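From first to last, the protein sequence lines are chains A, B, C and D.
Here the numbering used here is used: position 15 in the first sequence is 34, and no number is missing along the way.
Here the numbering used here is used: position 7 in the second sequence is 26, and no number is missing along the way.
Here the numbering used here is used: position 114 in the third sequence is 133, and no number is missing along the way.
Here the numbering used here is used: position 187 in the fourth sequence is 206, and no number is missing along the way.
4 protein chains.
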Amino acid sequence: MKKTRLEAFSDGVIAIIITIMVLEIKVPHGHEFADLMPLVPIFFSYVLSFIYLGIYWNNHHHMLHAATHVTGGILWANLHLLFWLSLIPFATAWVGENHFAAMPLAVYGVVLLMAAIAYYILQSLIIKNEGSDSLLAIAVGKDWKGKLSPLLYLSAIGVAWLNVWVSAGIYIFAAFIWLIPDRRIEDVVKERETE
Amino acid sequence: MKKTRLEAFSDGVIAIIITIMVLEIKVPHGHEFADLMPLVPIFFSYVLSFIYLGIYWNNHHHMLHAATHVTGGILWANLHLLFWLSLIPFATAWVGENHFAAMPLAVYGVVLLMAAIAYYILQSLIIKNEGSDSLLAIAVGKDWKGKLSPLLYLSAIGVAWLNVWVSAGIYIFAAFIWLIPDRRIEDVVKERETE
Amino acid sequence: MKKTRLEAFSDGVIAIIITIMVLEIKVPHGHEFADLMPLVPIFFSYVLSFIYLGIYWNNHHHMLHAATHVTGGILWANLHLLFWLSLIPFATAWVGENHFAAMPLAVYGVVLLMAAIAYYILQSLIIKNEGSDSLLAIAVGKDWKGKLSPLLYLSAIGVAWLNVWVSAGIYIFAAFIWLIPDRRIEDVVKERETE
Amino acid sequence: MKKTRLEAFSDGVIAIIITIMVLEIKVPHGHEFADLMPLVPIFFSYVLSFIYLGIYWNNHHHMLHAATHVTGGILWANLHLLFWLSLIPFATAWVGENHFAAMPLAVYGVVLLMAAIAYYILQSLIIKNEGSDSLLAIAVGKDWKGKLSPLLYLSAIGVAWLNVWVSAGIYIFAAFIWLIPDRRIEDVVKERETE
């Protein structure tokens with residue numbers, strides 16, 4: 020079974036998800052600067068989700084790069100991940116159109132949490148398949164980001180009913196930690212090559 | 020004629036179909052939990068169709084992997100399959116928005132049935148092209164899932180006017196049988212290699 | 020400049036065009052068979068445009084397969100073709116929603132005519148680039164379909180004001196002639212190989 | 020890290036952006052020629068944005084062709100570029116639906132300006148990575164188009180409040196200069212090869 024086609028299909032789905040979100044930024048009827056104002060929260064929720072989808076694409080890219088072959092289970096775990104990612108545009112639009120109200124923010128967190136769990140399942144299946152001494156297994160051993168993220172989403176879901184801005188801040192922070200250059204897999208590759 | 024481009028185009032179309040379905044889950048105007056309730060049937064019909072499209076992508080992937088070359092007839096049989104798959108988002112949304120009413124459920128079954136027939140035509144053309152002693156021909160000889168599915172769709176179409184939940188249950192069951200690991204093609208490949 | 024990326028981009032755009040057309044088949048509010056009736060002309064215009072886009076993808080596939088390299092002019096001629104193809108969903112929806120009225124049918128023909136001209140320009144640039152003794156040049160020398168199609172579109176545009184059904188019939192006929200197996204390029208390839 | 024997947028993802032996103040723009044050309048309710056009239060400015064803004072996205076795809080194609088490898092920074096700079104490009108359909112529709120009013124025209128310019136800056140950042144990162152004696156560095160040294168474009172966008176943003184037609188004319192002119200055959204990278208490649 021060819022890894023290439025799994026990558027191509029995932030790239031296609033993520034590319035479409037990241038792009039159709041922009042369809043939720045409805046064109047205002049007026050043509051004044053003030054007509055753009057209701058779009059500000061929608062714009063910021065779009066930016067945040069764009070970054071999250073970029074992170075997923077990036078991580079997915081690295082993970083599959085380290086994988087050597089693909090099983091039926093991996094195909095379905097991958098589709099499961101894409102399913103939760105496909106709900107991000109819905110959650111994003113609901114957050115944006117309700118100006119960061121509590122329930123939409125919590126649902127946004129649930130979608131992110133489910134995507135994180137789906138990613139973890141996919142990663143575990145690939146590692147199981149590659150073996151515990153594989154590049155990916157070693158690289159992921161240090162995966163503090165992967166472990167911290169679900170806790171952050173959970174806390175943001177809870178905090179949403181106390182203070183929506185703190186909740187939104189946690190989502191921004193949880194995205195931010197992924198933007199720190201992450202050389203886990205490259206480092207392990209280099210270490211091995213220099214041994 | 021390159022198989023790669025046929026795969027890439029099919030992947031693109033299936034990726035788009037699977038993703039635009041989510042556009043039918045319209046963002047609710049309120050921001051309470053209750054506002055999500057009308058979306059529950061839409062969500063479940065989305066999950067079911069996502070799984071069906073995942074099954075088609077998965078099977079299509081295996082079938083083309085076993086094919087060695089592509090004719091004009093195969094190109095058109097493939098487009099025919101993509102045509103019926105492209106109607107799944109419409110049928111899905113109609114089922115979901117009408118809370119699993121009889122007629123939408125029957126139309127859903129007709130679309131699935133036509134897609135199954137289109138898949139069968141495509142498979143037959145590829146087998147005819149590859150020869151009856153090809154990997155694909157041998158693997159498909161055991162194809163009880165491919166033979167059972169259209170019968171299940173037909174029964175679900177009929178049952179829709181008696182009991183919509185039984186009808187919906189048949190669609191769920193018909194998807195479920197495909198999720199059982201299907202090693203038809205891999206098995207034959209392995210048998211041949213070990214001979 | 021890599022031909023592969025031009026093919027991938029064109030495949031992506033055509034896959035999106037062919038799929039987003041289905042978004043124009045709006046889900047009816049009722050759940051009776053009668054609620055599907057207003058969709059019948061929309062459905063038929065969708066089928067026709069799906070076939071046209073399939074033909075373009077098919078021909079584009081063959082033409083680029085025969086091309087050996089790509090220039091800046093070819094890139095832009097290709098984008099020009101994709102531009103006119105991207106208007107097919109609009110024209111299709113307008114035809115369908117107005118039950119094959121004269122003006123939408125004529126506009127549909129104008130879009131098809133412009134796409135045919137764009138295809139001809141692209142083909143001419145590739146042939147100029149490949150040389151008059153290239154496979155593509157020889158294969159296209161017999162291109163009666165490419166020459167007849169624009170005339171059919173022109174006549175369908177004119178006839179739309181006399182009788183919309185004859186006009187629609189001409190569009191169907193013009194698509195039909197392309198479905199006749201077209202072995203132009205393959206034949207020339209085979210002739211050369213057997214010489 | 021594979022350049023191919025970055026190209027494929029970017030192609031996918033640009034293909035989707037360029038195609039979903041057409042969804043903003045809403046099908047008119049009437050079926051007379053007059054019903055098309057309100058769409059004329061929308062059509063022209065679509066044409067202009069199609070050309071801009073074609074230019075970006077074309078330039079992106081050349082730039083990545085000259086790149087030999089890809090870093091995490093380049094991945095994110097590329098996503099940043101895609102983000103601004105993804106806002107082009109929104110800005111295009113706003114311009115078109117308001118018949119080229121001042122504020123939409125200025126916002127259109129801001130999106131183009133941000134995309135140009137994002138492109139410059141991406142290009143700088145690739146050049147930094149490839150080295151100052153790389154093909155890309157030498158080719159870009161003569162990059163008068165890349166330097167002139169942001170100035171043109173800035174002037175068009177300012178002029179929008181004085182005269183919208185002059186402003187629109189500047190956007191058209193800024194696109195036009197990119198359509199002049201640009202052999203920067205090919206020329207450098209050829210020079211090197213003939214040395």
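Beta carbons: idealized from backbone N, C-alpha and C, even for Gly.
Only a predicted model underlies this, so the values are computations on that prediction, with no experimental measurement involved.
- Residue contact check for residue 77/A against chain B: no CB pair falls below 9 Å.
- DSSP places residue 43/C outside any alpha helix (DSSP H), giving it a letter other than H or E.
- Within chain D, the residues 37, 38, 40, 41, 65 and 69 have their CB atoms less than 9 Å from the CB of residue 105/C, given in chain order.
- In this structure the stretch 80 to 100 of chain D touches the stretch 140 to 156 of chain D; the number of beta carbon pairs closer than 8 Å is three or more.
- By the C-beta density criterion, residue 111/C is buried, having at least 16 other C-beta atoms within 10 angstroms.
- Between the alpha carbons of residue 56/B and residue 49/B lies a gap of roughly 11 Å.
- Ranked by Cα distance from residue 41/C, the first of 32/B, 47/B, 44/B and 45/B is 32/B.
- By the criterion of a C-beta distance shorter than 6 Å, residue 137/B is surrounded in its chain by 99, 100 and 103, once the five residues flanking it on both sides are discounted.
- A contact is defined here as three or more CB-CB pairs under 8 Å, and the stretch 161 to 168 of chain C fails this definition with respect to the stretch 112 to 123 of chain C.
- Boundaries of the alpha helix (DSSP H) around residue 103/D: 91 to 105.
- For residue 62/D, same chain residues with a beta-carbon under 8 Å away, outside a window of 5 residues either side, are 44 and 115 in chain order.
- DSSP, reduced to helix, strand and coil, places residue 166/C within a helical segment of the structure shown.
- Just so you know, the alpha carbons of residue 130/B and residue 192/A end up roughly 45 Å apart.
- Residue 197/A: member of the alpha helix (DSSP H) spanning 183 to 198, first to last residue.
- Per the C-alpha coordinates, the member of 51/A, 128/A, 117/A and 153/A positioned closest to residue 82/A is 153/A.
- Comparing alpha-carbon positions, the option among 178/B, 170/B, 159/B and 182/B lying closest to residue 194/B turns out to be 170/B.
- In this structure, DSSP gives residue 152/C a state outside helix and strand, which the three-state scheme calls coil.
- Looking at the backbone, the Cα of residue 58/D and that of residue 79/B are separated by about 41 Å.
- Within the stretch 22 to 88 of chain D, the complete alpha helix (DSSP H) runs of at least 4 residues fall at 22 to 39 and 59 to 85.
- Looking at the backbone, the Cα of residue 197/B and that of residue 108/D are separated by about 40 Å.
- Each of 68/A, 36/A, 30/A and 38/A was checked against the Cα of residue 187/A, and the nearest Cα belongs to 68/A.
- Under the Cβ distance rule, residue 49/C counts among the residues neighbouring chain B, one pair being separated by less than 9 Å.
- At least 9 Å separates the CB of residue 86/A from every CB of chain B.
- Looking at 117/B, 161/B and 173/B, the one whose alpha-carbon comes closest to that of residue 46/C is 117/B.
- For residue 30/A, the C-beta contacts it makes with chain D under 7 Å involve 24, 27, 28 and 31, in order along the chain.
- Collapsing the DSSP output to three states places residue 161/A in coil.
- Within 7 Å of the CB of residue 52/A, the CB atoms of chain D belong to 122, in sequence order along the chain.
- Among the residues facing chain B, residue 98/C is not included, as its CB has no counterpart in that chain under 9 Å away.
- By alpha-carbon distance to residue 97/B, the top candidate from 189/B, 181/B and 22/B is 22/B.
- In this structure, DSSP gives residue 179/D a state outside helix and strand, which the three-state scheme calls coil.
- At a cut-off of 9 Å, the C-beta of residue 193/C has no neighbouring C-beta in chain B.
- Residue 176/D sits close to residue 128/D, with the two beta carbons spaced by under 9 Å.
- Contacts between residue 149/B and chain C, judged by CB atoms closer than 7 Å, are missing: the closest CB pair is about 18 Å apart.
- In the assembly as shown, residue 51/B is an exposed residue. Its beta-carbon has fewer than 16 other beta-carbons within 10 Å.
- Excluding the 5 residues flanking it on each side, residue 139/A has no same chain C-beta neighbour closer than 6 Å.
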